[in-house]
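Each protein sequence line maps, in turn, to chains Y and D. Using the working numbering, the letters of the first sequence map in sequence onto residues 34 to 233. Using the working numbering, the letters of the second sequence map in sequence onto residues 11 to 304. Glycine included, C-beta positions come from ideal geometry on N, C-alpha and C. These numbers were taken from a predicted model, which means no experiment stands behind them. Below is one structure, written out as structure tokens, with a few remarks after it.
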Amino acid sequence: MTRNKVLFWVLSVILLFHFSMKFIYQFTDYKKAGKFYTFSYNYIVPQFHFNYKVFAPEPPTAREHFLYRAILNDGSKTNWFEDGSGLLFDANQNRFSAVYKKWKMVNYLGFQTNKVYVQLLKNPSIQHLGKEKVIEIANQQIVHYPQYKNACRYAIDKLVAKEVENFSAVQIAYLLDNVERPYENENSFEAQLFPIQKIN
Amino acid sequence: MEIINRFTSKNFYPTTNWLLRRMVYLFLIFYFGRLIPYASDFFAEDTYINKFFFDGNISKWVVQSFNFQGVRSMYPMFLIMEFVLLILGIIGFYPKLVALGIYGCTLILQQSMVSITNGGEQLLYNCLFFMVFLEEKDSKDSFWKTISNFALFAIRLEVAFLYLVAGFTKLTGDLWPSGDAFYYVSQIGEYSSPWLMEFIKNNLWVGVVLTYLTIFYQTTFPFAIWFKKLKYKWMVVGVVFHISIGFLNGIMDFGLIMLTMYFAFYNENRSKKVYEFFSEIKSAGKRIINAKGD
């Protein structure tokens with residue numbers, strides 16, 4: 034009986050600890066929480082990693098597009114290519130297929146690169162240098178990030194698959210097509226062009 | 011004191027545990043099965059998804075072992091192992107040991123695409139851990155009975171926690187409380203379909219109603235699910251809710267996972283009915299196999 038009691042209380046404490054960590058991990062602002070958050074982070078990631086804020090606190094408000102194009106040997110540029118729309122069309126044909134996941138992967142390339150790039154542009158330590166210099170520094174830095182490298186690698190692979198010949202560089206872009214507000218019909222776009230990546 | 015005795019002297023839900031494991035394993039067969047045509051995109055060495063970095067956290071070294079140089083090239087082996095374990099799990103071969111294998115194998119495989127997983131998938135991975143400890147028989151060993159009862163309780167808490175987070179964080183935004191959220195979601199191709207876009211655009215009030223219904227459902231689920239009288243009513247609404255999300259918004263795996271996890275809330279009687287249904291299918295299958303033609 035005593036053994037059962039001990040087991041009951043031990044398991045209760047473990048459960049309480051587990052869900053407390055989850056609560057802290059999900060709701061705490063990591064910038065403010067410091068060590069408190071770090072502790073919960075180290076407990077949760079990677080084995081219990083989660084993000085249960087499904088479309089919260091705000092739903093997505095823009096259609097996202099990952100674009101790429103080739104820079105040909107003569108310096109001219111091809112049209113922009115976009116694979117996401119085709120994948121989404123296929124995904125809509127069969128909701129049970131994994132094409133949606135593939136779309137998500139392609140889109141994620143643009144999303145992640147853009148996320149890193151925006152952080153570089155907002156780097157507080159270089160803001161005093163002026164807008165042009167900030168962009169120049171961000172362009173120099175982004176090429177070293179795996180997110181950018183992966184996106185460029187995808188673009189190169191796809192251009193080769195599309196039999197685009199004689200290209201010496203690629204350029205990727207991320208386009209946000211903002212959803213028109215209710216009762217309004219005007220779209221707005223935000224585009225982020227990333228630096229050209231030369232091919233070795 | 012009474013609650014301690016109850017928790018430690020009886021396995022409350024052996025059939026529910028049996029059923030939950032089978033439903034989750036069946037879902038995982040479907041889940042990984044549909045990824046097979048695109049397996050190299052997600053699991054292979056040259057995937058475009060960012061690989062995670064090791065930062066000295068020992069559990070990361072184990073869980074993310076899939077990202078070690080050369081390991082990813084063996085991804086077909088991991089997938090085969092996953093399917094073999096799932097089939098063994100459905101058969102009921104060493105349930106806890108196989109459940110541990112499934113948890114480990116799934117966790118390692120999903121690390122390769124963790125950045126593109128949704129909340130439902132993450133809930134499933136978390137619940138797989140607790141499912142290791144589920145006891146499918148009312149054994150005499152009070153140790154495993156207690157652990158099993160806690161594990162099922164933890165799975166239920168995990169599901170309720172997802173709704174709690176999803177529901178209440180929506181209230182902290184602007185577009186959910188204003189009723190515009192569903193409109194925005196419906197206008198984005200990846201979460202909608204052409205006819206739904208048009209329909210919501212022309213009937214904005216439907217979007218407002220669906221926004222508030224979503225908030226109401228998600229914020230009340232974590233509480234309603236613990237009351238016998240409300241539990242099944244909320245689950246029926248959930249079935250409609252998640253199937254609609256699956257077909258209308260395209261996030262099918264999220265909906266299917268949530269529906270699968272609802273089996274954790276079944277009481278013994280209800281689980282036994284499903285168990286008997288499966289038993290009848292099994293015996294009918296045996297009769298067909300053993301039948302001799304004229």
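Which residue comes first and which comes last in the beta strand (DSSP E) that contains residue i?
| i | result |
| --- | --- |
| D51 of chain D | No beta strand (DSSP E) contains D51 of chain D, which is instead part of the alpha helix (DSSP H) from 49-53. |
| Y58 of chain Y | Per DSSP, Y58 of chain Y belongs to no beta strand (DSSP E); it is in the alpha helix (DSSP H), 35-60. |
| D210 of chain Y | 200-211 |
Which chain Y residues sit within Cβ distance under 8 Å of residue i?
| i | result |
| --- | --- |
| Q79 of chain D | Here the premise fails: no neighbours, minimum Cβ distance about 15 Å. |
| M262 of chain D | R128, F129, Y133 |
| L214 of chain D | P215, Y216 |
| G129 of chain D | F83, N84, Y85, K86, V87 |
| K70 of chain D | V78, P79 |
Which residues in chain Y sit within 9 Å of residue i, going by Cβ to Cβ distance?
| i | result |
| --- | --- |
| L133 of chain D | F83, Y85 |
| M268 of chain D | Simply none; closest approach about 10 Å. |
| D184 of chain D | P90, E91 |
Below 7 Å on C-beta distance, what does residue i contact in chain Y?
| i | result |
| --- | --- |
| T179 of chain D | K86, A89, P90 |
| L167 of chain D | F52 |
| V313 of chain D | Residue 313 of chain D lies beyond the stretch modelled for chain D, which goes from 11 to 304, so this question has no answer here. |
Taking only the alpha-carbon atoms, compute the straight-line gap between residue i and residue j and give it to the nearest angstrom.
| i | j | result |
| --- | --- | --- |
| V132 of chain Y | E196 of chain Y | 23 Å |
| V94 of chain D | V78 of chain Y | 27 Å |
| I210 of chain D | S53 of chain Y | 40 Å |
| N259 of chain D | I198 of chain D | 9 Å |
| I57 of chain Y | Y76 of chain Y | 11 Å |
| V108 of chain D | L96 of chain D | 8 Å |
| N125 of chain Y | V46 of chain Y | 46 Å |
| L266 of chain D | L105 of chain Y | 46 Å |
| E168 of chain D | W71 of chain D | 25 Å |
| F122 of chain Y | E200 of chain D | 9 Å |
| A184 of chain Y | I39 of chain D | 31 Å |
| Q228 of chain D | F178 of chain D | 8 Å |
| E165 of chain Y | N172 of chain Y | 11 Å |
| I90 of chain D | I46 of chain D | 11 Å |
| L142 of chain Y | F99 of chain Y | 7 Å |
| E213 of chain Y | T94 of chain Y | 9 Å |
| Y35 of chain D | D107 of chain Y | 56 Å |
| L223 of chain D | Y242 of chain D | 18 Å |
| Y173 of chain D | F231 of chain D | 7 Å |
| V39 of chain Y | T18 of chain D | 10 Å |
| F144 of chain Y | F69 of chain Y | 29 Å |
| Q230 of chain Y | K148 of chain Y | 18 Å |
| R16 of chain D | I112 of chain D | 30 Å |
| S69 of chain D | H177 of chain Y | 28 Å |
Note down, in chain order, every chain D residue with its Cβ under 7 Å from the Cβ of residue i.
| i | result |
| --- | --- |
| F41 of chain Y | I14, F17, T18, T156 |
| V212 of chain Y | Y194, Q197, I198 |
| Q59 of chain Y | V175 |
| L48 of chain Y | F160, A164 |
| A124 of chain Y | G260 |
| T94 of chain Y | Y194 |
| L121 of chain Y | G199, E200 |
| N75 of chain Y | N67 |
So with Cβ pairs under 8 Å, would you call residue i a contact of chain A?
| i | result |
| --- | --- |
| D51 of chain D | In the structure shown, chain A does not exist; the protein chains are Y and D. |
Please check the pair residue i and residue j, which I expect to be a contact at CB under 8 Å, by giving their CB distance rounded to whole angstroms.
| i | j | result |
| --- | --- | --- |
| I175 of chain Y | Y207 of chain Y | Actually they do not touch by this definition, with Cβ atoms about 12 Å apart. |
| L185 of chain D | Y194 of chain D | 6 Å |
| I168 of chain Y | I159 of chain Y | Wrong, their Cβ atoms sit about 10 Å apart, outside the cutoff. |
| G129 of chain D | F264 of chain D | 7 Å |
| S202 of chain D | T25 of chain D | Actually they are not in contact, since the Cβ atoms of S202 of chain D and T25 of chain D sit about 40 Å apart, beyond 8 Å. |
| S158 of chain D | N27 of chain D | 6 Å |
For a test of your reading of the model: does the CB of residue i fall under 7 Å from any non-hydrogen atom of the ligand MN? Yes or no.
| i | result |
| --- | --- |
| F139 of chain D | Annotation note on the ligand MN: not contained in the displayed structure, which lists no ligands. |
Where do the N-terminal and C-terminal ends of the alpha helix (DSSP H) with residue i fall, by residue?
| i | result |
| --- | --- |
| S221 of chain Y | That residue, S221 of chain Y, is in no alpha helix (DSSP H); its beta strand (DSSP E) goes 221-226. |
| N75 of chain Y | 68-77 |
| I100 of chain D | 85-101 |
| E168 of chain D | 152-180 |
| A294 of chain D | 278-300 |
| N183 of chain Y | 179-194 |
| A274 of chain D | Neither: A274 of chain D is in no alpha helix (DSSP H) and is coded neither H nor E. |
| M33 of chain D | 24-45 |
| G129 of chain D | 129-141 |
| E12 of chain D | 12-19 |
| N172 of chain Y | 164-175 |
| I255 of chain D | Where I255 of chain D is concerned, there is no enclosing alpha helix (DSSP H), given that its DSSP letter is neither H nor E. |
| V73 of chain D | 68-73 |
| Q80 of chain Y | Neither: Q80 of chain Y is in no alpha helix (DSSP H) and is coded neither H nor E. |
| G80 of chain D | Looking at the DSSP string, G80 of chain D is not in any alpha helix (DSSP H), and its letter there is neither H nor E. |
Give me the chain D residues within the contact set of residue i, using Cβ-Cβ distance strictly less than 8 Å, ordered along the chain.
| i | result |
| --- | --- |
| Y141 of chain Y | I59, S125, I126 |
| L44 of chain Y | T156, I157, F160 |
| Y187 of chain Y | Y58 |
Quick one: list the residues of chain D neighbouring residue i, beta-carbon separation under 9 Å, in chain order.
| i | result |
| --- | --- |
| M54 of chain Y | In chain order: nothing, as chain D lies at least about 12 Å away. |
Could you pull out every unbroken alpha helix (DSSP H) segment of at least 4 residues lying fully inside the stretch 86-136 of chain Y, listed in chain order? You should have 117-126.
Fully enclosed by the stretch 212-240 of chain D, which alpha helix (DSSP H) runs are 4 residues long or longer? Counting only runs of 4 or more, we get 214-234.
Quick one: which unbroken alpha helix (DSSP H) runs of 4-plus residues sit fully inside the stretch 182-216 of chain D? Chain order, please. List check, alpha helix (DSSP H) in window: 191-196, 204-212.
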